[in-house]
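There are 2 protein chains.
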Amino acid sequence: MKFEAVTIKDIAKALGLSTSTVSRALRDSYEISPETKKVVLEYAEKLNYHPNPIALSLKERRSRSIGVIVCEIANSYFSQVINGIESIANTNGYNVIISQSHESAEKELVNLQYLTSRSVDGLIISVSTETKDFNYFNELHDRGMPIVFFDRIVDEIQTHKVIADNFKGAYDATTHLINSGYKRIATLCNTVFLSIGKERLAGYQAALKDHGLEPDESLIRYCQHGGMVAEEMDQAMDELFTLQNPPDAIFAAADKLTTGCLRALRAKGLSVPEDVGLIGFSNSELTELLNPSLSVIRQPAFEMGEVATSLLLELIESKRPVTDFQSRVLTTEMILRSSTRMQKTHSKPVIS
Amino acid sequence: MKFEAVTIKDIAKALGLSTSTVSRALRDSYEISPETKKVVLEYAEKLNYHPNPIALSLKERRSRSIGVIVCEIANSYFSQVINGIESIANTNGYNVIISQSHESAEKELVNLQYLTSRSVDGLIISVSTETKDFNYFNELHDRGMPIVFFDRIVDEIQTHKVIADNFKGAYDATTHLINSGYKRIATLCNTVFLSIGKERLAGYQAALKDHGLEPDESLIRYCQHGGMVAEEMDQAMDELFTLQNPPDAIFAAADKLTTGCLRALRAKGLSVPEDVGLIGFSNSELTELLNPSLSVIRQPAFEMGEVATSLLLELIESKRPVTDFQSRVLTTEMILRSSTRMQKTHSKPVIS
DNA sequence: TATTTTTACGCAATCGTTCCCGGTATCGTG
DNA sequence: CACGATACCGGGAACGATTGCGTAAAAATA
Chain A
1 MKFEAVTIKD IAKALGLSTS TVSRALRDSY EISPETKKVV LEYAEKLNYH
51 PNPIALSLKE RRSRSIGVIV CEIANSYFSQ VINGIESIAN TNGYNVIISQ
101 SHESAEKELV NLQYLTSRSV DGLIISVSTE TKDFNYFNEL HDRGMPIVFF
151 DRIVDEIQTH KVIADNFKGA YDATTHLINS GYKRIATLCN TVFLSIGKER
201 LAGYQAALKD HGLEPDESLI RYCQHGGMVA EEMDQAMDEL FTLQNPPDAI
251 FAAADKLTTG CLRALRAKGL SVPEDVGLIG FSNSELTELL NPSLSVIRQP
301 AFEMGEVATS LLLELIESKR PVTDFQSRVL TTEMILRSST RMQKTHSKPV
351 IS
Chain B
1 MKFEAVTIKD IAKALGLSTS TVSRALRDSY EISPETKKVV LEYAEKLNYH
51 PNPIALSLKE RRSRSIGVIV CEIANSYFSQ VINGIESIAN TNGYNVIISQ
101 SHESAEKELV NLQYLTSRSV DGLIISVSTE TKDFNYFNEL HDRGMPIVFF
151 DRIVDEIQTH KVIADNFKGA YDATTHLINS GYKRIATLCN TVFLSIGKER
201 LAGYQAALKD HGLEPDESLI RYCQHGGMVA EEMDQAMDEL FTLQNPPDAI
251 FAAADKLTTG CLRALRAKGL SVPEDVGLIG FSNSELTELL NPSLSVIRQP
301 AFEMGEVATS LLLELIESKR PVTDFQSRVL TTEMILRSST RMQKTHSKPV
351 IS
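Residue numbers (this note's numbering), protein chains in the order written: chain A, 1 to 352; chain B, 1 to 352.
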């Protein structure tokens, strides 16, 4: 099956004009007489003519499309970011090609090569948790491909970056747990090879320190796959709760870790917030409806998408090489609900 | 900034060959000597040459990209479908351009025009709840654009369609509520202008009839916006629970309606499943963790995406016009949890 | 009337690739 | 030795659109 669109040549032939004249008429050039313009415009309108974007891309050496790589769109945070990206991109005549790494460095590289071979004009990337080798990003960037990192950024590459205030978010969450009366606060976090892992861990540690709590390495559990693999989380939770001195609260440093943590706690028969307090990063709309309703740190995801895209379009449309790169940090929001509401009496209530 | 890729012309010039020879060498033509091939291939490899897909698209009059229109990717069901679409598309060398209608017919049309003007080779569409006018779809389809509808299909257009067994899903859910002892079963459903609305409503009604329950129009509430607008849902729930004879169970016919319904019930202080039983269509991963854990009808979303894409690629790559269109119906899965577990004693327990 | 200026349009190159024609060697065969 | 076959490679058109340049006719000027 072929979907044949009407071309400038069709119009030219039908009207007995040259393609140049038609092209100029459509672009309202001063070199074309008003009568000719009128005829061409009306005929084009009648045939529902639209310039072939592929031909334009070839001529102008730009595709007017941007590539996005995230670990997965099913994650609320990323789908919200993508909404922000689309809103800015579409109003500027760009389209968005989304691809998912599913936290695999290998798939990320494939997607990266695929997107660049499809000649996108720029990239918006949140790296996978596995990614340790930034050579390809670097090479691409050096060759002039505009790139903006967000969320999981890479320090080694000098370009625009957009992140939430991960340190503050983690610091606030941990402080809230402390203020609620919890004493042994554990954290489930991403690998420190990931920027968000590092920053959120630092916020957690700083909060403990500032409030006079002893840091305890055994209370820090890393999830290499960021919660994508259930076994990994279960193991981390098992380790935590077979300690002689198990935690009485958990700060989960990422969306999937937060809900995964709740899942594990329920599987263990531990009740929240009585046995264990729980707070974590999450952008899910459903956290309010969970059992118990979750206290969360929420990132301004939509806005992050908007900012990242604006910065990328600046990069793309800049006439001369940009050397002055920005790192935008947007503030997180803490929403307090039942999962951190410690009871005075530490009795074990009935699990509903 | 410009990202300059190496072209066939660069290779030809560097090697003192013509572009035709280089092109043929790269495509392993029999007309080229093994030595020349070797030289060209090695040089191309060294320079990391990749054929310009835009030039190819222009030449071959196909973009090797497919457009997807859904109401929103933040919806678990759709993000899972998209995963299915991507898996098939990518392995076949197609890329996927996703756009969201946000349940607006106007935005849907804009996206449609945008995607076709970007010359996608085909479209996978789940129509918005607002869409009443199918002229543009029809016109596109008549002009030879391959289209596959899924989930929310349109009867007026003869093409491949992929849906879940909505009737059976709704029938099973309603039957389960009846078997659990609920007597006055209400439904929150989409507009019947939507195929899923019609089919699921029919399943609900058939189940009532088959089990000897009187149909009651006042127990059927339509949400025009499919749960996107909170006020609409709240109003529907208000109407339901100000009835002299309010419902004791609800079947929610869509993802957002199901969680929205739970939200509204909790706001009203009604406990589930004691005061009101609840089951609904949902593909969210979190329904198990909700308060209470939700009984749901789950659609094989990933598989639906796969099937839709396979059918679309068939359409695209078919040499001659296809007239034999398929409608694939995949079975739903019912997952029973606490929200439909009616207590023997109808006492009001403490809300946790 | 002769010349210059303006108006309005066409020709052809270009983007990167493929492919239909050619063409020129080299070899084998009669 | 002559001719055809084969192997190997280049020229150029095409895909759809833009654009610099050339130029005819018409209008304005001398």
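Using N, Cα and C, we set each Cβ at its ideal position, and we do this for glycine too.
For the stretch 255-281 of chain A, list every residue whose C-beta sits within 8 Å of some C-beta in chain B, in sequence order. Thr259, Leu262, Arg263, Arg266
Residues in its own chain within less than 7 Å of methionine 334 of chain B by CB, not counting five upstream and five downstream? Locating residue 334 of chain B in the second sequence gives position 334, where the first residue counts as 1. Taken in chain order, the residues that qualify are Asp172, Ala173, His176, Ile297.
Taking all protein chains shown into account, decide if arginine 118 of chain B is buried (16 or more other Cβ within 10 angstroms of its Cβ) or exposed. Stepping through the second sequence from its first residue, residue 118 of chain B is reached at position 118. When all chains shown are included, arginine 118 of chain B counts as buried.
Count the other C-beta atoms from every protein chain shown that fall within 10 angstroms of the C-beta of alanine 230 of chain A, then say buried if there are 16 or more, exposed otherwise. Taking the first residue of the first sequence as position 1, residue 230 of chain A is located at position 230. Alanine 230 of chain A comes out exposed.
How big is the Cα-Cα spacing for threonine 340 of chain A and valine 68 of chain A? For the purposes of this step, residue 340 of chain A is taken as residue 340 along the first sequence, with counting starting at 1. For the purposes of this step, residue 68 of chain A is taken as residue 68 along the first sequence, with counting starting at 1. Distance between the alpha carbons of threonine 340 of chain A and valine 68 of chain A is about 35 Å.
How far does the beta strand (DSSP E) with serine 99 of chain B in it reach, from first residue to last? On the second sequence, residue 99 of chain B is found 99 positions in, with the first residue counted as 1. Taken as a continuous stretch (DSSP letters only), the beta strand (DSSP E) holding serine 99 of chain B covers 95-100.
If alanine 249 of chain A sits next to glycine 277 of chain A, beta carbons under 8 Å apart, how far is it from one beta carbon to the other, in whole angstroms? One-based indexing of the first sequence puts residue 249 of chain A at position 249. One-based indexing of the first sequence puts residue 277 of chain A at position 277. Their Cβ separation, rounded to whole angstroms, is 4 Å, which keeps alanine 249 of chain A and glycine 277 of chain A in contact under 8 Å.
Could you give the first and the last residue of the continuous beta strand (DSSP E) run that contains threonine 187 of chain B? As a working note, residue 187 of chain B is residue 187 in the second sequence. Threonine 187 of chain B -> beta strand (DSSP E) spans 185-190.
Show which residues of chain B have a CB atom less than 7 Å away from the CB atom of isoleucine 66 of chain A. Here residue 66 of chain A refers to the residue found at position 66 when the first sequence is read from its first residue. Residues of chain B passing the Cβ test: none, with the nearest at roughly 11 Å.
Which bits of chain A does alanine 55 of chain B rub up against, with CB to CB less than 7 Å? Residue 55 of chain B sits at position 55 when you count from the first residue of the second sequence. Residues of chain A passing the Cβ test: Leu58.
For a contact meaning CB atoms closer than 7 Å, what does isoleucine 82 of chain A contact in chain B? Residue mapping note: residue 82 of chain A aligns to position 82 of the first sequence, counting from 1. Ile73, listed in chain order.
Roughly how many angstroms lie between the CA atoms of glutamate 303 of chain A and serine 76 of chain B, to the nearest whole one? Locating residue 303 of chain A in the first sequence gives position 303, counting from the first residue. Locating residue 76 of chain B in the second sequence gives position 76, counting from the first residue. Cα-Cα distance, rounded: 21 Å.
Contiguous alpha helix (DSSP H) assignments of at least 4 residues, all confined to the stretch 316-347 of chain B: none
Isoleucine 250 of chain B, enclosing beta strand (DSSP E) - first and last residue: Translated into the one-based positions of the second sequence, residue 250 of chain B becomes position 250. Start and end: 249-252.
Helix, strand or coil for tyrosine 43 of chain A? Go by DSSP, reduced to three states. Sequence index remark: in the first sequence, residue 43 of chain A carries index 43 (1-based). If DSSP states are grouped into helix, strand and coil, tyrosine 43 of chain A belongs with the helices.
Enumerated in chain order, which unbroken segments of the alpha helix (DSSP H) with a length of 4 residues or greater are wholly contained in the stretch 242-289 of chain B? 255-267
Note the first and the last residue of the continuous beta strand (DSSP E) segment covering serine 295 of chain B. Taking the first residue of the second sequence as position 1, residue 295 of chain B is located at position 295. Element bounds for serine 295 of chain B: 295-298.
Could you round the C-beta distance between valine 148 of chain B and glutamine 100 of chain B to whole angstroms and report it? I think they count as a contact, below 8 Å. Indexing the second sequence from 1 puts residue 148 of chain B at position 148. Indexing the second sequence from 1 puts residue 100 of chain B at position 100. At roughly 18 Å, the Cβ-Cβ gap does not stay under 8 Å, so valine 148 of chain B and glutamine 100 of chain B are not in contact.
Please report the distance separating the alpha-carbon of alanine 267 of chain A from that of serine 128 of chain A. For the purposes of this step, residue 267 of chain A is taken as residue 267 along the first sequence, with counting starting at 1. For the purposes of this step, residue 128 of chain A is taken as residue 128 along the first sequence, with counting starting at 1. Their Cα atoms are separated by approximately 28 Å.
Below 8 Å, can you find three or more Cβ-Cβ pairs linking the stretch 183-194 of chain B to the stretch 252-266 of chain B? yes
Whole-angstrom distance between alanine 236 of chain B and tyrosine 222 of chain B, CA atom to CA atom: Along the second sequence, read from residue 1 onward, the residue named residue 222 of chain B stands at position 222. Along the second sequence, read from residue 1 onward, the residue named residue 236 of chain B stands at position 236. C-alpha separation (whole angstroms): 7 Å.
Out of curiosity, what's the CA-to-CA distance linking histidine 346 of chain A and asparagine 135 of chain A? As a first step, residue 346 of chain A must be located in the first sequence, where it is residue number 346. As a first step, residue 135 of chain A must be located in the first sequence, where it is residue number 135. Confidence in histidine 346 of chain A is poor, its pLDDT being 46 and thus under 50, which makes the residue's placement too unreliable to answer from.
Within 9 Å of any Cβ in chain A, is that where the Cβ of threonine 116 of chain B sits? Position 116 of the second sequence, counting from 1, holds the residue named residue 116 of chain B. Chain A contact via Cβ: present.
Going by Cα to Cα distance, which pick from A:Asp151, A:Asn245, A:Ala202 is closest to phenylalanine 167 of chain A? On the first sequence, residue 167 of chain A is found 167 positions in, with the first residue counted as 1. Checking every option, the nearest Cα to that of phenylalanine 167 of chain A belongs to A:Ala202.
Taking 9 Å as the threshold (C-beta atoms), are isoleucine 178 of chain B and phenylalanine 150 of chain B in contact? The residue labelled residue 150 of chain B in the question sits at position 150 within the second sequence. The residue labelled residue 178 of chain B in the question sits at position 178 within the second sequence. Cβ atoms of phenylalanine 150 of chain B and isoleucine 178 of chain B: not closer than 9 Å.
Comparing alpha-carbon positions, which option in B:Asn83, B:His102, B:Ile316, B:Thr36 lies nearest glycine 227 of chain B? Taking the first residue of the second sequence as position 1, residue 227 of chain B is located at position 227. With distances taken between Cα atoms, glycine 227 of chain B lies closest to B:His102.
Taking any Cβ of chain B, which residues in the stretch 24-43 of chain A have a Cβ under 7 Å from it, in chain order? none
Three or more C-beta pairs under 8 Å: does that hold for the stretch 40-53 of chain A against the stretch 15-27 of chain A? yes
What is the DSSP secondary structure of isoleucine 353 of chain B, counted as helix, strand or coil? Chain B is shown from 1 up to 352; residue 353 of chain B falls before or after that span and cannot be answered.
Reduced DSSP category for serine 195 of chain B - H, G, I as helix; E, B as strand; rest coil: Within the second sequence, numbered from 1, the residue matching residue 195 of chain B stands at position 195. Helix at serine 195 of chain B.
What are the boundary residues of the alpha helix (DSSP H) that tyrosine 182 of chain A is part of? Along the first sequence, one-based indexing puts residue 182 of chain A at 182. It is not in any alpha helix (DSSP H) - tyrosine 182 of chain A carries neither H nor E in the DSSP assignment.
Leaving aside the five residues before and after phenylalanine 325 of chain A along the sequence, list all residues of the same chain whose C-beta is less than 8 Å from its C-beta, in chain order. Taking the first residue of the first sequence as 1, we reach residue 325 of chain A at position 325. Result list for phenylalanine 325 of chain A: Gln158, Thr159, His160, Lys161, in chain order.
Reducing DSSP to helix, strand and coil, say where serine 352 of chain A ends up. Position 352 of the first sequence, counted from the start, is the residue given in the question as residue 352 of chain A. Note on serine 352 of chain A: pLDDT 43, under 50, position unreliable in the model; the coordinate value appears next. Reduced to three states, the DSSP call for serine 352 of chain A is coil.
Determine the direct distance from the alpha carbon of glutamate 306 of chain B to that of phenylalanine 78 of chain B, and round the result to whole angstroms. Residue numbering aside, residue 78 of chain B sits at position 78 when the second sequence is read from its first letter. Residue numbering aside, residue 306 of chain B sits at position 306 when the second sequence is read from its first letter. If I take the Cα positions, the gap works out to 12 Å.
Any chain B beta carbon closer than 9 Å to alanine 5 of chain A: Start at 1 with the first residue of the first sequence, and residue 5 of chain A comes out as number 5. Alanine 5 of chain A counts as touching chain B.
Starting from histidine 50 of chain A, find everything on chain B with Cβ-Cβ shorter than 7 Å and list it in chain order. Indexing the first sequence from 1 puts residue 50 of chain A at position 50. In chain order: Ser117.
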